[in-house]
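The structure under discussion appears below in the form of structure tokens.
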Amino acid sequence: MQQPTIENVPQNQKEIIALVCKESCRRLELKRTPARQLFLQDFLAIHSLFRTTYPDWQPEDIFEKYTVPRNQYVYRLFSDKKLIATRQIFIADNKNSGPAWASDIAGVMTTGRFAIGSRALVHPDFRNAGIGTLLFNMSNHDIFSNRKLTMILGSSTSIGAISLYLRLGAKIWANDIDNLPCRNNSRQKAEILDQLLKSRELRKMRLQHPVRYIYCRHVLPDGLEKRLWSNQVGKGPVTRADNGLPAAPLTDLPVNNHPAKPVQ
């Protein structure tokens, strides 16, 4: 079954019903509430959903101190009135109103208002059904079309998550490839990251340092485009060790298997 997207749904429809195949013989009915600002009662429900994956986490591990309720939006998917997936978007009014890691990028990209997206968290009972991808497509479309922003930033240490974000149109901040803690030049580091992202066996591994990624609504000027990297479209730094040297082994890039604190 073809996965539904927000583009197929009328803008004035208050609730979006999406049918997603979970198994060949099972169809899952999802109900999406309209995007709205994050309220106090949302925190408890979102915290409860996070604890299905990270039982030791406290609310302060999920909700960063810099967030402002009027600038934070929540996207939610329900099944049988049960919250099964959520993603949060924080809208920064200027480059100084977000965390330092995002402000650095916003300053270089000379953007005004921008968004910071969290990961899409899906309840364990509803994973591997394309729900996270559906939620990302819906929330990104809303930010670009209805909130009139041109850039969404994010950060992750998860190999599997970064690979998914690239397939959904994100690009990696190239400086983060140069800063990877392995003894190789930039091209070799890009080759290592490329191998990691394409390896099914390593999807559950995590980098020791986060990699920042960007969704852009418009095509960027060449000067800014060179600051981004994507192994999915063949742009950015060369992903082959074409200097005559063999590509560095995967073990040169430190990874770990511990859950990382989410970047909101």
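Here the numbering used here is used: the first residue of the sequence shown is 29, the next is one more, and so on.
Ideal placement from N, C-alpha and C gives every residue a C-beta, glycine not left out.
> Since Ile-242 sits in a beta bridge, which residues does DSSP pair it with?
Replying inline: DSSP lists Leu-181, Lys-199 as partners of Ile-242.
> Quick one, are the C-beta atoms of Leu-181 and Arg-141 less than 7 Å apart?
Replying inline: no
>> Taking the straight line between their C-alpha atoms, what separation do you get for Asn-213 and Leu-111?
In response: 45 Å
> If you run the structure through DSSP and keep just helix, strand and coil, what is Val-102?
Replying inline: Three-state DSSP puts Val-102 in a strand.
>> Can you give me the C-alpha to C-alpha distance between Thr-81 and Pro-152, rounded to a whole angstrom?
In response: C-alpha separation (whole angstroms): 7 Å.
> Along the chain, which unbroken stretches of the alpha helix (DSSP H) at least 4 residues long are found entirely within the stretch 145–189?
Replying inline: 159–173
> Touching or not, the stretch 236–256 and the stretch 187–203, by the rule of three or more beta carbon pairs under 8 Å?
Replying inline: yes
> Do Val-150 and Ala-113 have their CB atoms nearer than 7 Å?
Replying inline: Between Val-150 and Ala-113, the C-beta gap is smaller than 7 Å, which places the two residues in contact.
> For the beta strand (DSSP E) that Arg-215 lies in, which residues bound it at each end?
Replying inline: Counting along the chain, Arg-215 falls outside any beta strand (DSSP E), though it belongs to the alpha helix (DSSP H) covering 214–226.
> Using 8 Å as the Cβ pair cut-off and three pairs as the minimum, do the stretch 166–175 and the stretch 224–234 touch?
Replying inline: No, the stretch 166–175 does not touch the stretch 224–234.
>> My output table needs one value for Arg-79: the three-state DSSP class, helix, strand or coil.
In response: helix
> Does DSSP put Gln-69 in a helix, in a strand, or in coil?
Replying inline: helix
> Is the CB-CB distance between Ser-167 and Arg-115 below 7 Å?
Replying inline: In contact: Ser-167 and Arg-115 (Cβ atoms closer than 7 Å).
> Closest by CA to Met-179, which one among Ser-186, Ala-143, Thr-185, Gly-135?
Replying inline: Ala-143
>> Given this structure, state the Cα-to-Cα distance separating Phe-78 from Thr-138, to the nearest angstrom.
In response: 34 Å
> Taking just the CA atoms, how far does Val-136 sit from Gly-251?
Replying inline: Answer to the nearest angstrom: the Cα atoms are 11 Å apart.
> Nearest to Leu-256 by alpha carbon, out of Gln-223, Ala-73, Lys-226, Asp-206?
Replying inline: Asp-206
> Does DSSP put Ser-107 in a helix, a strand or coil?
Replying inline: strand
>> On the CB-based measure, 16 or more other CB atoms within 10 Å of its CB, does Val-239 come out buried or exposed?
In response: Classification for Val-239: buried.
>> Quick check on Trp-85: does DSSP put it in helix, strand or coil?
In response: coil
> Quick one: is Lys-109 buried, meaning 16 or more other Cβ sit within 10 Å of its Cβ, or exposed?
Replying inline: Burial call: exposed.
> Hey, Leu-224 and Leu-230: beta-carbon distance below 7 Å or not?
Replying inline: yes
> What is the rounded straight-line gap between the Cα of Gln-216 and the Cα of Ser-186?
Replying inline: 20 Å
> Helix or strand or just coil, what does DSSP make of Ser-125?
Replying inline: Ser-125 falls in the coil class under three-state DSSP.
> Alpha carbon to alpha carbon, how far is Val-102 from Pro-249?
Replying inline: 32 Å
>> Mapping the DSSP letters down to three states, classify Leu-248 as helix, strand or coil.
In response: coil
>> I believe Ser-107 touches Phe-154 by the beta-carbon criterion, under 8 Å. Please report the beta-carbon distance rounded to the nearest angstrom.
In response: Contact flag correct, Cβ pair sits at about 7 Å.
> Of the choices Arg-228, Ser-183, Val-247, whose alpha-carbon is the least far from that of Ser-131?
Replying inline: Ser-183
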